[in-house]
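For reference, each letter of the sequence shown is one residue, going 1 to 292 in the UniProt record's numbering.
Just so you know, even glycine gets a beta-carbon here, dropped at the ideal spot from N, CA and C.
Small disclaimer: the values here were computed from a predicted structure and weren't measured.
I have placed the structure first, in the form of structure tokens, so that the comments after it can refer back to it.
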Amino acid sequence: MKIQEGYMPFHGYKTYYRIVGEKTPGKAPLLLIHGGPGSSHNYFELLDDYAETGRQLIMYDQVGCGKSSLPEDESVYVKETWAEELIALRKYLHLDQIHMLGQSWGGMLEMLYLTHYDQTGVKSVMIDGSPASIKLWTQEQHRLISYLSYEDREAIAEAERTGNFTGPKYLAANDRYMERYCWDDPDENSPEPLRRETNGKRASLIAEGPNEFTENGTISDYDVTDDLHKIHVPVLVTNGTDDLCTPLIAKSVYDHIPGAKWHLFANSRHLALLDQHDEFIKVLDSWLKEND
Numbered sequence: 001m002k003i004q005e006g007y008m009p010f011h012g013y014k015t016y017y018r019i020v021g022e023k024t025p026g027k028a029p030l031l032l033i034h035g036g037p038g039s040s041h042n043y044f045e046l047l048d049d050y051a052e053t054g055r056q057l058i059m060y061d062q063v064g065c066g067k068s069s070l071p072e073d074e075s076v077y078v079k080e081t082w083a084e085e086l087i088a089l090r091k092y093l094h095l096d097q098i099h100m101l102g103q104s105w106g107g108m109l110e111m112l113y114l115t116h117y118d119q120t121g122v123k124s125v126m127i128d129g130s131p132a133s134i135k136l137w138t139q140e141q142h143r144l145i146s147y148l149s150y151e152d153r154e155a156i157a158e159a160e161r162t163g164n165f166t167g168p169k170y171l172a173a174n175d176r177y178m179e180r181y182c183w184d185d186p187d188e189n190s191p192e193p194l195r196r197e198t199n200g201k202r203a204s205l206i207a208e209g210p211n212e213f214t215e216n217g218t219i220s221d222y223d224v225t226d227d228l229h230k231i232h233v234p235v236l237v238t239n240g241t242d243d244l245c246t247p248l249i250a251k252s253v254y255d256h257i258p259g260a261k262w263h264l265f266a267n268s269r270h271l272a273l274l275d276q277h278d279e280f281i282k283v284l285d286s287w288l289k290e291n292d
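Written out as structure tokens, the structure is:
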């Protein structure tokens, strides 16, 4: 499988991109937008084999993450930067006709892009595990925390009260929360891409905050719920039953986008691509074929 890597100049920085496979007539490329802010393209490499179907895959590391530039300037780490980067990448790689798949923050970026910037040439969109409102997200995270043990709930509550997110009890509780609703900490048995560093901790802290339920970073005011009616391209909303993105969060996206469809992965946490790989590929393939 042909793999092409490169860097796009962006605002004086560099954005890393990775293209798998070659363009096939009648099959628009799939642009993959990773989560975070502060994750990287790494986990999308679990999709590499899908390019064998003739569907070209394009993935990239948002500035501040992965192999892209890691700016010191904190003012870079805002949603507008990443939206402008997406616009620039489409132009730079001549992605006139594309499908888009955004996971977690990547889906939030898609919604921002489609409601505030451009929908031209977007054949379909998959919004995977993403909220339209950070306020609803944090409300739901606290509901999910209520299912943890008493000790873990207390450790998290104490950290939130004091603003100290460095204590061992809190860190252990947060790890258990993430393992339950997000994914396991990578170990020697994890797929190799998941073991790689994302280099995005700083971006995550500035843009999101210290964790998934204390959203006090630059994207804490994110809410595009009332703008979703403007989206007129085909949209598939997906999430897992045991996902940080709860069914309520997914439904709040689905309900506001005209003609949207929704697929619930019955045995998945925040990354169905990992937890239910084969079903994820099947759902994705069917969706893309339907909208080519």
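Cβ atoms of G64 and Y77 come within 8 Å of each other, at about 6 Å. Taking 7 Å as the cut-off, the Cβ atoms of E192 and I134 do not count as close.
With respect to the 7 Å criterion, A207 and T218 are classified as neighbours on the basis of their beta carbons. Burial check for P210: the Cβ neighbour count within 10 Å reaches 16 or more, so the residue is buried. Contact check for Y17 against Y60 passes: the beta carbons are separated by less than 7 Å.
If you compare the alpha carbons of G26, E160, R196, L89 with that of L46, the shortest gap goes to R196.
7 Å or more divides the Cβ of H270 from the Cβ of D226.
Taking all protein chains in view, the Cβ of D73 is surrounded by fewer than 16 other Cβ atoms within 10 Å, so the residue is classified as exposed. Within 10 angstroms of the beta-carbon of T241 lie fewer than 16 other beta-carbons, which makes it exposed. Judged by DSSP secondary structure, D278 falls within the alpha helix (DSSP H) whose first and last residues are 277-291. With at least 16 other beta carbons inside 10 angstroms of its own, P131 counts as buried.
It is roughly 8 Å from the alpha-carbon of W287 to the alpha-carbon of L236. Residue pairing for I219: DSSP places it in no beta bridge. Remark: C-beta atoms of G107 and I87 do not approach each other more closely than 7 Å. Remark: C-beta atoms of G38 and G163 do not approach each other more closely than 7 Å.
Relative to T15, the option among Y113, D48, F280, L70 whose CA is nearest is L70.
At a Cβ-Cβ threshold of 7 Å, T115 and K230 count as neighbours.
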